[in-house]
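In the working numbering, the protein residues as written are 125 to 813. Beta carbons are placed, not taken as given, at the ideal position from N, Cα and C, and that holds for glycine. This structure is a prediction, so every number in the text was calculated from the model and none was measured.
Rendered as structure tokens:
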């Protein structure tokens, strides 16, 4: 290479004219760290080193520039003497030098260099991660192996929790793939990442994947994922298309672990859809190899739905949780295992594992996973009587992902929040949660059962007894029709007993409480059996019988460590002792009941809806607009509509910190303390739909 050659095409270089840097300038604070004016050879070598970065060697620089090593070596010497290059590593002394060289290289020329470098490094056997980085810098790929390398790099990026990088790789892989089946597979991979980070049924990836399902381009594993994803969003027609495609493409491996768990999950979560698939599928035969997460999850669901002894359920769930880490393939099995521990009344273990999985989901930057496990954590806390924690985790589940993208799953955390607020006597806040727009397909899932159950209890607490009975009966009818009449899921017989008791219909109250115990087999078989005994005591006409039943109920509540239920039983016991002429004992029990209630986050049990704090005032739109600045109003409206802070920031083009500042001021001006109160305060036709 000689500087006397034509300035746009030095000897030994096949690079186009655009590769040349613009005007030379000083690099960094070192006066020697600069490119001499007019030394085009040094510029081109510097560009090659900048593009190759950590992969740069003398040989590779020469190959990239299509020059002899003997011609490159003296140029490297001059770059070293100029204070730019470390001769031992063929790399810039400072990253700032590299960045300036790249910044002052013409865009098209840099892309061509990056593309050529990707081909060179692929031939040398460099990692897909390194090669894909160069292809991404180039923005295009004309190599037949490019798609495979990009897909491998996307997998590596996901393992490193570099989600944006994985999406970049998949996007370019989709563009360069020539076959429709390959593009369909790539769209499905994109969809999997979207579900982890920001689920939506309106993205290109979702629309492309559903189109591929209709065209018969998806394999069975992707079709099963698509069914789950479509049902998450309540897209029943798309789920049905994928299920029909599964039926047509059913392979000889129809008894695999994955297939067994899929149909067991479908029957348990979306029973009406399960009718389209085979009803009896067993996991693959034991080969002595470690059990897959799918096999173990299928075992847990089988144990739950066939009502095996709770010890069996707990063991199966614990094995799954201890043997498998959280990843895209294990989210549903691990959530199923938590559900198994809840059914087995191992709430201590369920809480511990929820915390572990929440931490892992947070480390994986997976908001959807965080929402799922926060929702389960909220349910566990509610069952333990810890209303403060239940509210915290339910709100966390609802704030991880925009409400509109929580799909049918939204019914679970919303139900927990309604039950929690109702138990705490905060009926108006609970009613506000009922104002949320719920997707209609949710009511055909078990999440809908939990929502109806929670709504029924709010009706009951606010003396709308007939509405409560209608919700509880609907739960019972659906559970019996779906063949998942599990007292742990929704104890609808107890609920009806409670409603009839509140109405003064002691006969029906006794009938349904006894039916629940009969369904359990014996009262101490489950925590809810103790509730049945408390309800029977309330319907009893003999004080001595009432005391006996309440003592048995208290013993069961203590075995299952249900703090709120213990408080309720102690309150009833106090009333019973008062009526039998034992006021001192009654007062002591009243104090204990109130102490436990406060610890659970409940107001004194002697309180009622009539003593509840006044609700947040619903203001007119004119009052709100006069109270808030235009920026505060925009932020508050989106927040009241269920949007997360980061999504509000994206929509309005501001920072998350600015969103928080506007919300703080809006809360203060409207005299509210939470988003649920904010939605209630802003509930006007022209502000919130």
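If we count the other Cβ atoms within 10 Å of its Cβ and call it buried at 16 or more, is residue 302 buried or exposed?
Residue mapping note: residue 302 aligns to position 178 of the chain shown, counting from 1. By the neighbour-count rule (16 or more Cβ atoms within 10 Å), residue 302 is not buried but exposed.
Could you name each continuous alpha helix (DSSP H) segment of 4 residues or more that falls completely within the region 326 to 360, going from the start of the chain to the end?
Runs of the alpha helix (DSSP H) inside the region 326 to 360: 328 to 338 and 344 to 356.
Which one of 286, 771 and 657 has the shortest CA to CA distance from residue 783?
As a first step, residue 783 is located in the chain shown; it is residue number 659 there, counting from the start. Measuring from the Cα of residue 783, the nearest candidate turns out to be 771.
Which residue marks the beginning of the alpha helix (DSSP H) containing residue 477, and which one marks its end?
Numbered from 1 along the chain shown, position 353 holds the residue referred to as residue 477. 471 to 487 is the span of the alpha helix (DSSP H), which, as asked, contains residue 477.
Cβ neighbours of residue 355 in the same chain (closer than 6 Å, five flanking residues each side left out):
Looking up residue 355 in the chain shown gives position 231. Counting only Cβ-Cβ distances below 6 Å, and skipping sequence neighbours, we find 363 and 394.
Report the start-end ranges of each beta strand (DSSP E) in the region 236 to 278 that is 3 residues or longer and not cut off at the edges.
The region 236 to 278 is shown to contain no whole beta strand (DSSP E) run of 3 or more residues.
Taking the CB atoms as reference points, tell me whether residue 574 and residue 536 lie closer together than 8 Å.
The sequence position of residue 574 within the chain shown is 450, counting from 1. The sequence position of residue 536 within the chain shown is 412, counting from 1. A contact, by the Cβ cut-off of 8 Å.
Hey, residue 519 and residue 541 are a contact pair by Cβ (cut 8 Å); roughly how many whole angstroms apart?
Against the chain shown, residue 519 aligns to sequence position 395. Against the chain shown, residue 541 aligns to sequence position 417. Residue 519 to residue 541, Cβ: 7 Å. Contact.
Residue 146, DSSP secondary structure in three states:
Sequence index remark: in the chain shown, residue 146 carries index 22 (1-based). Because the pLDDT at residue 146 is just 36, under 50, the model does not fix this residue reliably, and the point stays unresolved.
Distance, residue 678 Cα to residue 318 Cα
As a working note, residue 318 is residue 194 in the chain shown. As a working note, residue 678 is residue 554 in the chain shown. Their Cα atoms are separated by approximately 47 Å.
Verify the contact flag: residue 558, CB atom, against every heavy atom of the ligand GDP, threshold strictly below 7 Å.
For the ligand GDP, the structure offers nothing, since it holds no ligand at all.
Which of the three DSSP states, helix, strand or coil, is assigned to residue 765?
The residue given as residue 765 occupies position 641 in the chain shown. Coil, per DSSP.
Let me make sure I understand the geometry here. Which of 392, 476, 480 and 178 has the alpha-carbon closest to that of residue 449?
To locate residue 449, count along the chain shown from 1; it is residue 325. Looking at the Cα atoms, 480 is the closest of the given residues.
What separation, rounded to the nearest whole angstrom, lies between the Cα atoms of residue 712 and residue 656?
Counted from its first residue, the chain shown places residue 712 at position 588. Counted from its first residue, the chain shown places residue 656 at position 532. Across the structure, residue 712 and residue 656 are spaced so that their CA atoms are roughly 24 Å apart.
Local conformation of residue 588 per DSSP, three classes:
Counting from 1 along the chain shown, the entry for residue 588 is found at position 464. Coil at residue 588, not helix or strand.
Count the other CB atoms, across all protein chains shown, that sit within 10 Å of the CB of residue 165; report buried if there are 16 or more and exposed otherwise.
As a working note, residue 165 is residue 41 in the chain shown. With 16 or more other Cβ atoms within 10 Å, it is buried.
Please report how far the alpha carbon of residue 622 lies from the alpha carbon of residue 435, in whole angstroms.
The sequence position of residue 622 within the chain shown is 498, counting from 1. The sequence position of residue 435 within the chain shown is 311, counting from 1. Looking at the backbone, the Cα of residue 622 and that of residue 435 are separated by about 29 Å.
By the 10 Å Cβ neighbour count, where 16 or more other Cβ atoms means buried, how is residue 577 classified, buried or exposed?
Taking the chain shown and counting its residues from 1, the one referred to as residue 577 is at position 453. With 16 or more other CB atoms across the displayed protein chains lying within 10 angstroms of its CB, residue 577 is buried.
Return the Cβ separation of residue 350 and residue 341 in integer angstroms, given the expectation that the two are a contact with Cβ distance under 8 Å.
As a working note, residue 350 is residue 226 in the chain shown. As a working note, residue 341 is residue 217 in the chain shown. Contact between residue 350 and residue 341 does not hold, since their C-beta atoms are separated by about 11 Å, which reaches or exceeds 8 Å.
Quick one: what does DSSP say residue 546 is sitting in, helix, strand or coil?
For this step, residue 546 is matched to residue 422 along the chain shown. Residue 546: helix per DSSP, three-state reduction.
Looking only at its own chain, which residues have a Cβ that is under 6 Å from the Cβ of residue 531, when we skip the five neighbours before and after it?
Against the chain shown, residue 531 aligns to sequence position 407. For residue 531, where only same-chain residues beyond five positions count, the Cβ hits under 6 Å are 356, 357 and 358.
Since residue 303 is in the alpha helix (DSSP H), which residue starts that stretch and which ends it?
Start at 1 with the first residue of the chain shown, and residue 303 comes out as number 179. Careful: residue 303 lies outside any alpha helix (DSSP H) and carries neither H nor E.
Compare the beta carbon distance of residue 492 and residue 775 with 8 Å and say whether it is the shorter of the two.
Start at 1 with the first residue of the chain shown, and residue 492 comes out as number 368. Start at 1 with the first residue of the chain shown, and residue 775 comes out as number 651. No, they are not a contact pair.
Would residue 489 and residue 521 be called neighbours here (beta carbons separated by less than 8 Å)?
Here residue 489 refers to the residue found at position 365 of the chain shown. Here residue 521 refers to the residue found at position 397 of the chain shown. Annotated as distal: residue 489 and residue 521, with beta-carbon spacing of 8 Å or more.
For residue 216, list the residues DSSP reports as bridge partners.
Residue 216 sits at position 92 when you count from the first residue of the chain shown. Its beta-bridge partners are 209.
Keeping to the same chain, check which residues put their C-beta closer than 6 Å to that of residue 688; ignore five residues upstream and five downstream.
On the chain shown, residue 688 is found 564 positions in, with the first residue counted as 1. Close CB contacts of residue 688 within its chain, under the 6 Å cut and outside five residues either way in sequence, are with 509 and 724 (chain order).
Is the region 164 to 181 in contact with the region 201 to 220, if contact means three or more CB pairs nearer than 8 Å?
The count of Cβ pairs closer than 8 Å, one atom from the region 164 to 181 and one from the region 201 to 220, reaches three, so the stretches are in contact.
Kindly list the residues whose CB is nearer than 6 Å to the CB of residue 398, restricted to its own chain and excluding five residues on each side of it in sequence; keep chain order.
To locate residue 398, count along the chain shown from 1; it is residue 274. Residues of the same chain with a CB within less than 6 Å of the CB of residue 398, apart from the 5 flanking positions on each side, are 390 and 391 in chain order.
Report yes if the C-beta distance between residue 424 and residue 437 is below 8 Å; otherwise report no.
One-based indexing of the chain shown puts residue 424 at position 300. One-based indexing of the chain shown puts residue 437 at position 313. Yes. Within cutoff.
Quick one, are the C-beta atoms of residue 514 and residue 506 less than 8 Å apart?
Locating residue 514 in the chain shown gives position 390, where the first residue counts as 1. Locating residue 506 in the chain shown gives position 382, where the first residue counts as 1. Judged by beta-carbon spacing, residue 506 lies within the 8 Å limit of residue 514, meaning their Cβ atoms are closer than that value.
On the DSSP letters alone, give me the boundaries of the alpha helix (DSSP H) that residue 499 sits inside.
As a working note, residue 499 is residue 375 in the chain shown. It spans 491 to 507 - the alpha helix (DSSP H) in which residue 499 sits, taken as one unbroken run.
Under the three-state reduction of DSSP, which class applies to residue 788: helix, strand or coil?
Translated into the one-based positions of the chain shown, residue 788 becomes position 664. Reduced to three states, the DSSP call for residue 788 is helix.
Measuring CB to CB, does residue 635 end up less than 8 Å from residue 582?
Indexing the chain shown from 1 puts residue 635 at position 511. Indexing the chain shown from 1 puts residue 582 at position 458. No. Outside cutoff.
Does the Cβ of residue 247 have 16 or more other Cβ atoms within 10 Å, making it buried, or fewer, making it exposed?
Here residue 247 refers to the residue found at position 123 when the chain shown is read from its first residue. With fewer than 16 other Cβ atoms from the protein chains shown falling within 10 Å of its own Cβ, residue 247 counts as exposed.
First through last residue of the alpha helix (DSSP H) which encompasses residue 517:
Taking the first residue of the chain shown as position 1, residue 517 is located at position 393. Residue 517 -> alpha helix (DSSP H) spans 511 to 524.
Assign residue 160 to one of two classes, buried (16 or more other C-beta atoms within 10 Å of its C-beta) or exposed (fewer than that).
Residue mapping note: residue 160 aligns to position 36 of the chain shown, counting from 1. At residue 160 the pLDDT is 48, less than 50, meaning the model places this residue with poor confidence; the figure from the coordinates comes in the next sentence. If you draw a 10 Å sphere on the C-beta of residue 160, you find fewer than 16 other C-beta atoms in it, and that means exposed.
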